[in-house]
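Undergrad:
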Amino acid sequence: MSDVPSRDASSYGGGGDVGLLTPVSAGSPAEGATGDAAVLRAMLDAEAALTRAQAEIGAVPGRAAEAVTKAAGSVGFDARGLALRAGAGGNPVIPLVADLRAAVAELSPGGEEFVHRGATSQDILDTALMLVAARTLDLIGVDLAATAATLATLADRHRATVMAARTLTQHAVPTTFGLKAAGWRSLVLDAHDRVVRVRSTLPVQLGGAAGTLEAFEAYGMEGEALVDAFAAELGLRAPELPWHVLRTPVADLAGSLAFCAGALGKVAADVLVLSRTEVGEAAEGTGGVSSAMPHKSNPVRSVLLASAARQVPALVSTLYASMASEDERPPGAWHAEWSPLREALRLCGGAARGAAVLCGELSVFPARMRSNLARGELGEAAG
């Protein structure tokens, strides 16, 4: 008999993650767009859309599609219960399908047989995660555009604000803060372009048990027509092939998220230098407090952006590593993607919102910039 005491989540005050250790995204729109409730909603949206697509091509009665859509949209599903039951089959779609069928049976007896018809769990979960990504990228894009607009104003306002350029931590030659802000804007626009571009490429997943579409065709469905209808229902792209083990969509998304986090991290890194006490050339509009030193005003938004810039590449490395997957459904590689993808989306979303606020409230001190520049020039002359 094991000496390890048996404990469940309730022993530690519950199993819900409320963001205590993720302040960069806590309270942001991206937090809600990537939460378990959002993933559950996306899975239900995918199941309902699949049945509607099958009805559209004449393979499922219209009343059955209506019943599935109604059940998916109005019945309360227990996300925590699904999570606990997911361990039996390795993913949350299996218990969700059982619950959705039961809900449809109550609304329209006989309609339950049309739930999940021909699909495999990966079809639904991959599609759901692409929906979550699309919805989160839309939010990120808005915040990046707002940040770029603010930086354009800063760059124009300070085109003649002279300051010291710094190379390898040391004063170099004079530059302007306007040029620095223009550089930030260029990176943010590059991130925005990548986010918008990858958003437009996100596909549905539909291949059936082993990516052959045979299960759908066994029910008299023409595979290509079904994929097109499914994609149209969800506002995603119709892929040329099922991508169960061809993870280009995830890899492309990963690259865009890593670039976005890094671009915002560059802005944060510069603000952190400029706001040092001994530099004092810029400051966040609303500084953070210190628990030990109440007189301090810490650049907390920049700190949190910097933390996201360090975390996202590590998460993305798992997504890239998962590309090397065997067979037609790999044991573990697919499963390894879910949490890192969600967390990378969440961090980038939180960072994008934080950057919009940071740049909108940034205080710039031209007099201090001139003073520091003069001090550096005097030091060089004395040397």
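Residues 1035 to 1417 in the working numbering are what the sequence shown lists, from first letter to last. Every residue, glycine too, gets a C-beta built ideally from N, C-alpha and C.
Return the CA-CA distance between A1098 and A1120, expressed in angstroms with no decimal places.
TA: 26 Å
Undergrad: Closest to S1331 by CA distance: which of A1342, S1341, G1314 is it?
TA: G1314
Undergrad: Going by the CB atoms, is the gap between G1050 and S1008 shorter than 8 Å?
TA: Since the first and last residues shown for the chain are 1035 and 1417, residue 1008 lies out of range.
Undergrad: When burial is assigned at 16 or more other CB atoms within 10 Å of the CB, is M1327 buried or exposed?
TA: With a pLDDT of 44 at M1327, under the threshold of 50, the modelled position of this residue cannot be trusted; read the value that follows with caution. Classification of M1327: exposed, given that the 10 Å Cβ count is below 16.
Undergrad: Can you grab the Cα-Cα spacing for the pair A1416 / G1410, in whole Å?
TA: Annotation note: pLDDT 48 at A1416 (below 50); position unreliable, coordinate value reported separately. If you take the alpha carbons of A1416 and G1410, they lie about 10 Å apart.
Undergrad: Taking the alpha carbon of P1374 as the reference point, which residue from A1182, E1360, A1401, G1289 has its own alpha carbon closest?
TA: G1289
Undergrad: Run through the region 1234-1262 for me and flag every whole beta strand (DSSP E) of 3 or more residues, listed as ranges in chain order.
TA: none
Undergrad: According to DSSP, is N1125 part of a helix, a strand, or is it coil?
TA: coil
Undergrad: Determine, using beta carbons only, whether L1445 and E1274 come nearer to each other than 8 Å.
TA: Shown here, the chain extends from 1035 to 1417; a query on residue 1445 therefore has no answer.
Undergrad: Could you check if D1079 is buried or exposed, using at least 16 other CB atoms within 10 Å of its CB as the buried criterion?
TA: buried
Undergrad: Considering A1071, what are the terminal residues of the beta strand (DSSP E) in which it resides?
TA: Segment 1070-1090 is the alpha helix (DSSP H) holding A1071; no beta strand (DSSP E) there.
Undergrad: In whole angstroms, what is the alpha-carbon distance linking R1228 and G1145?
TA: 42 Å
Undergrad: Taking a contact to mean a Cβ-Cβ separation below 8 Å, would you say A1064 touches I1174 in this structure?
TA: In this structure, I1174 lies closer than 8 Å to A1064 by Cβ.
Undergrad: Quick check: A1216 and A1189, are their CB atoms within less than 8 Å of each other?
TA: The criterion of a C-beta distance shorter than 8 Å is satisfied by A1216 and A1189.
Undergrad: Give every residue of the same chain whose Cβ lies closer than 7 Å to the Cβ of A1167, excluding the five residues on either side of it in the sequence, and list them in chain order.
TA: L1236, L1287, L1379
Undergrad: Buried or exposed for G1152, please, with buried defined as at least 16 other CB atoms from any protein chain shown within 10 angstroms of its CB.
TA: That one is buried.
Undergrad: Take the Cβ of P1333 as the centre, count every other Cβ of all protein chains shown within 10 Å, and call the residue buried at 16 or more, exposed below.
TA: Counting C-beta atoms within 10 angstroms of its own C-beta, P1333 has 16 or more neighbours from the protein chains shown and is therefore classed as buried.
Undergrad: Rounded to whole angstroms, what is the Cα-Cα separation between E1002 and A1408?
TA: What the structure shows of the chain is the stretch from 1035 to 1417, and residue 1002 is not part of that stretch, so it cannot be assessed.
Undergrad: By a C-beta neighbour count over all protein chains shown, 10 Å radius and 16 as the cutoff for buried, is T1085 buried or exposed?
TA: buried
Undergrad: Going along the chain, which residues of its own chain have a beta-carbon closer than 7 Å to the beta-carbon of P1129, five neighbours each way excluded?
TA: L1116, R1119, A1120
Undergrad: Can you give me the C-alpha to C-alpha distance between M1357 and L1349, rounded to a whole angstrom?
TA: 14 Å
Undergrad: Check the DSSP bridge columns for H1192 and list the partner residues they point to.
TA: Paired residue(s): none; H1192 is not in a bridge.
Undergrad: Measure the beta-carbon distance from G1388 to R1310 and round it to whole angstroms, keeping in mind my assumption that it falls under 8 Å.
TA: Not really, about 20 Å apart at Cβ, beyond 8 Å.
Undergrad: In chain order, what residues of the same chain lie with their CB nearer than 7 Å to the CB of A1137, ignoring the 5 residues before and after it?
TA: Taken in chain order, the residues that qualify are A1105, V1109.
Undergrad: Suppose contacts are defined by Cβ-Cβ distances below 8 Å. Is A1162 in contact with V1073 by that definition?
TA: yes
Undergrad: Just to confirm, are T1181 and A1340 a CB contact at a threshold of 8 Å?
TA: no
Undergrad: Any heavy atom of the ligand NAP inside 7 Å of the beta-carbon of G1299?
TA: By its list of ligands, the structure shown contains no ligand whatsoever, and the ligand NAP lies outside what it can speak to.
Undergrad: Where does R1344 fall in DSSP's three states?
TA: helix
Undergrad: Can you tell me whether T1203 is helix, strand or coil according to DSSP?
TA: Coil at T1203, not helix or strand.
Undergrad: Apart from the five residues on each side of it in sequence, which residues of its chain come closer than 7 Å, Cβ to Cβ, to S1062?
TA: G1383, G1384, R1387
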